[in-house]
Every structure is written in C-alpha cells, then in structure tokens.
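Participant:
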Amino acid sequence: MRAGEPSPGAAGTLVSLVFSPDGHLLAAGGNDKVIHLWDTTTPAHPRTLGALTGPSEEILSVAVSADGRTLAAGSAYRKVYLWNIADPAHVVPVATLVGPSQTVRAVAFTPDGHTLAAGGNDSTIHLWNVVDPAHPVLLGVLTGPTSKIFSMAVSPDDRHLAAGTGAEHSVYLWDISDPAHPIADGPPLTGPASWINSVAFSPDGVTLGSSDSLLGCSTSAHGSRSVTCPSPAQPGHHR
203 MRAGEPSPGA AGTLVSLVFS PDGHLLAAGG NDKVIHLWDT TTPAHPRTLG ALTGPSEEIL
263 SVAVSADGRT LAAGSAYRKV YLWNIADPAH VVPVATLVGP SQTVRAVAFT PDGHTLAAGG
323 NDSTIHLWNV VDPAHPVLLG VLTGPTSKIF SMAVSPDDRH LAAGTGAEHS VYLWDISDPA
383 HPIADGPPLT GPASWINSVA FSPDGVTLGS SDSLLGCSTS AHGSRSVTCP SPAQPGHHR
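Below is the structure:
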C-alpha cells in the first residue's frame with residue numbers, strides 16, 4: 203500500500219481511527235468488528251500489521267494513551283476494550299470495561315495516561331483509573347447531558363474534559379483535576395447547529411474547537427469568546 207491508496211484489510215466501513223503519539227502506528231475500527239493496525243513509520247509505504255479480534259460488535263471509537271502502550275476501543279455493545287500495544291507485532295488484550303448502558307461512541311485518555319473516559323448513547327461519561335490497565339478502577343460517572351455523547355477531548359494539562367453532544371448541539375465541560383471528584387465547569391457551550399462529531403483543545407489548552415455536520419466552531423475554553431468558521435455541510439447525514 204502507498205500513501206493515497208485505499209488501505210487493504212478492512213471488510214466494512216471504518217468509523218474511527220487514531221495514530222499513536224509517535225506516529226508509527228495507525229489503528230482503525232469499524233463495523234467489521236475488528237481493529238486494523240498499520241505500521242506508518244514510513245508514511246509513504248504503510249505496512250499492514252494485522253487485526254485485533256475479540257469484540258463481537260461494531261467498533262465506534264478508538265484512542266491510544268500518550269505513552270503509546272495502551273489502545274482503547276468503544277463498542278456498540280456497551281463495552282470498552284483495552285489492549286497492550288507496546289509491541290504492535292504482539293498485541294495483548296488486557297481488560298474489558300463495562301458500565302455504560304448503551305453504545306460507546308467516544309473514548310479518550312488523559313494526557314498523563316492515568317484516566318480513561320468513555321461516553322455514548324446513554325448520555326453519561328464513565329471515568330476509570332487505568333494506571334494499571336489490566337486492573338482498571340471505576341472512578342465515577344459524569345451526568346448532565348440529555349442526549350448522546352458523540353465526541354470527547356481532554357485538555358493538555360489533564361484538568362478539563364470536553365464532550366460534544368447530539369440533539370442538544372452543546373459542548374459540556376468538566377474540571378477533572380481530581381478524577382474521583384469531577385466538577386461541572388460552567389454551563390454548556392452552545393452555537394453548533396447539529397450534533398458535534400469532534401472536539402479538540404489547542405496545544406496550550408486555551409482554545410476549544412468543535413465541529414458539527416454544518417459548521418466548525420472555535421470557542422475559548424473559559425467561554426469568553428466564540429467564533430464560527432465555515433466547513434462542508436453534510437445534508438441528510440445522521441448518526
């Protein structure tokens with residue numbers, strides 16, 4: 203496979219993909235119920251490493267910890283799967299997390315790798331301590347949203363968690379400085395015109411960007427300023 207060519211291996215639609223922090227690994231999951239891995243050390247010539255099996259349901263979200271050792275995948279059947287990918291040629295499953303009552307659409311690690319967040323159709327976000335990924339500990343459940351969680355991001359300083367919602371068209375913020383005692387960080391941010399499929403913090407943590415199917419929004423993490431930017435519309439596209 204060369205850069206710009208379709209990737210071989212996947213038997214269905216790929217819903218979520220992520221690079222490892224060093225850029226040497228690309229993971230992608232979708233409705234074929236496996237996670238495909240590629241070695242992207244040489245981006246012009248990516249190499250297929252194989253596929254992670256085990257889930258019996260569609261994979262809707264994937265994330266890699268900042269140290270590049272742990273891969274998390276959220277599934278359509280309420281579970282989050284963890285693998286040790288320190289050696290991508292010999293990936294080892296380490297845990298299956300349960301707790302969400304419906305589909306898990308978004309997973310995110312804190313930059314320090316200590317906490318994993320998972321959100322989805324049940325409108326909640328579960329937080330686990332994953333310092334030892336083989337023995338995760340549930341820290342608590344964030345509530346507040348009244349619609350599906352489509353996307354999540356954690357600020358570079360580990361202090362703030364952002365979650366983009368569906369029918370509400372809002373972004374919720376929590377202070378997770380103490381993940382065992384998270385606090386709602388002000389009222390939800392509004393502005394997007396549709397479900398929010400992506401949220402991301404700037405490297406300095408000052409700006410939070412969100413994107414829906416109609417437009418892109420850039421909002422101060424402290425709610426002081428909001429700017430909208432055009433992005434391609436996708437009429438009739440629903441999740």
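Heads up, the numbering used here is the position in the sequence shown plus 202, with the first residue counted as 1.
Even glycine gets a Cβ: it sits at the ideal position worked out from N, Cα and C.
Run the proximity test for residue 230: is its beta-carbon closer than 7 Å to any non-hydrogen atom belonging to the ligand SAH?
Facilitator: For the ligand SAH, the structure offers nothing, since it holds no ligand at all.
Participant: Is the CB-CB distance between residue 274 and residue 262 below 8 Å?
Facilitator: Within the sequence shown, the letter at position 72 stands for residue 274. Within the sequence shown, the letter at position 60 stands for residue 262. No, the Cβ-Cβ distance between residue 274 and residue 262 is not below 8 Å.
Participant: Starting from residue 325, follow its DSSP beta bridges and name the residues at the other end.
Facilitator: Looking up residue 325 in the sequence shown gives position 123. DSSP output for residue 325 lists no bridge partner at all.
Participant: May I have the straight-line CA-CA distance separating residue 438 from residue 398, to the nearest angstrom?
Facilitator: The residue you call residue 438 lines up with position 236 of the sequence shown. The residue you call residue 398 lines up with position 196 of the sequence shown. With a pLDDT of only 44 at residue 438, under 50, the local geometry of the prediction cannot be trusted, and the value read off the model is given with reservation. Their backbone Cα atoms lie some 15 Å apart in a straight line.
Participant: Would you please state the rounded distance, in angstroms, between the beta carbons of residue 403 and residue 357? I believe it to be under 8 Å.
Facilitator: Residue mapping note: residue 403 aligns to position 201 of the sequence shown, counting from 1. Residue mapping note: residue 357 aligns to position 155 of the sequence shown, counting from 1. With a Cβ gap of about 5 Å, residue 403 and residue 357 count as contacting.
Participant: Can you give me the C-alpha to C-alpha distance between residue 215 and residue 401, rounded to a whole angstrom?
Facilitator: Residue 215 sits at position 13 when you count from the first residue of the sequence shown. Residue 401 sits at position 199 when you count from the first residue of the sequence shown. Whole-angstrom Cα-Cα distance: 22 Å.
Participant: Tell me the DSSP secondary structure of residue 390 in three-state form.
Facilitator: Numbered from 1 along the sequence shown, position 188 holds the residue referred to as residue 390. The answer is coil: DSSP assigns residue 390 none of H, G, I, E or B.
Participant: Quick one: give me the first and last residue of the beta strand (DSSP E) that residue 353 is part of.
Facilitator: Start at 1 with the first residue of the sequence shown, and residue 353 comes out as number 151. Residues 351-356.
Participant: Specify the secondary structure class of residue 216 as computed by DSSP and reduced to three states.
Facilitator: By one-based count along the sequence shown, residue 216 stands at place 14. Here residue 216 sits in strand by DSSP.
Participant: One question on the structure: do residue 287 and residue 264 come within less than 8 Å of each other, judged by their Cβ atoms?
Facilitator: To locate residue 287, count along the sequence shown from 1; it is residue 85. To locate residue 264, count along the sequence shown from 1; it is residue 62. Cβ distance not < 8 Å, so residue 287 and residue 264 don't count as in contact.
Participant: Looking at the strands, I want to know which residues DSSP matches up with residue 295.
Facilitator: Mapped onto the sequence shown, residue 295 falls at position 93. Partner(s): 285.
Participant: Which residue comes first and which comes last in the beta strand (DSSP E) that contains residue 241?
Facilitator: Reading the sequence shown from its first residue, position 39 is the one you call residue 241. From DSSP, the beta strand (DSSP E) with residue 241 extends over 237-241.
Participant: I'd like to check one pair, residue 252 with residue 239: are the Cβ atoms closer than 8 Å?
Facilitator: Taking the first residue of the sequence shown as 1, we reach residue 239 at position 37. Taking the first residue of the sequence shown as 1, we reach residue 252 at position 50. Closer than 8 Å, so yes.
Participant: Based on Cα-Cα distance, which residue from 218, 281, 306 lies nearest to residue 349?
Facilitator: Taking the sequence shown and counting its residues from 1, one reaches residue 349 at position 147. Closest option to residue 349, Cα to Cα, is 306.
Participant: To the nearest angstrom, how far is the alpha carbon of residue 442 from that of residue 302?
Facilitator: A question about residue 442 goes unanswered here, because the residues of the chain that appear run from 203 up to 441.
Participant: Would you report the Cα separation of residue 259 and residue 321, rounded to the nearest angstrom?
Facilitator: Taking the sequence shown and counting its residues from 1, the one referred to as residue 259 is at position 57. Taking the sequence shown and counting its residues from 1, the one referred to as residue 321 is at position 119. If I take the Cα positions, the gap works out to 17 Å.
Participant: Roughly how far, in whole angstroms, is the beta-carbon of residue 293 from the beta-carbon of residue 254, given that I think they are within contact range, below 8 Å?
Facilitator: As a working note, residue 293 is residue 91 in the sequence shown. As a working note, residue 254 is residue 52 in the sequence shown. About 6 Å separates the two Cβ atoms, so the contact holds.
Participant: Express the C-alpha separation of residue 355 and residue 395 in angstroms, rounding to a whole number.
Facilitator: As a first step, residue 395 must be located in the sequence shown, where it is residue number 193. As a first step, residue 355 must be located in the sequence shown, where it is residue number 153. Each residue's alpha carbon lies about 20 Å from the other.
Participant: Out of 291, 290, 340, which has the shortest C-alpha to C-alpha gap to residue 298?
Facilitator: Residue numbering aside, residue 298 sits at position 96 when the sequence shown is read from its first letter. Of the listed residues, the one whose Cα sits closest to residue 298 is 340.
Participant: I think residue 360 touches residue 314, with their Cβ atoms under 8 Å apart; what is that distance to the nearest whole Å?
Facilitator: In the sequence shown, the residue the question calls residue 360 occupies position 158. In the sequence shown, the residue the question calls residue 314 occupies position 112. Indeed they touch by this definition, with Cβ atoms about 5 Å apart.
Participant: Beta-carbon within less than 7 Å of residue 269's beta-carbon, same chain only, minus the 5 sequence neighbours each way: which residues are those?
Facilitator: On the sequence shown, residue 269 is found 67 positions in, with the first residue counted as 1. Cβ within range, chain order: 315.
Participant: Would you decide whether residue 243 is buried or exposed? Buried here means 16 or more other CB atoms lie within 10 Å of its CB.
Facilitator: Mapped onto the sequence shown, residue 243 falls at position 41. Residue 243 comes out exposed.
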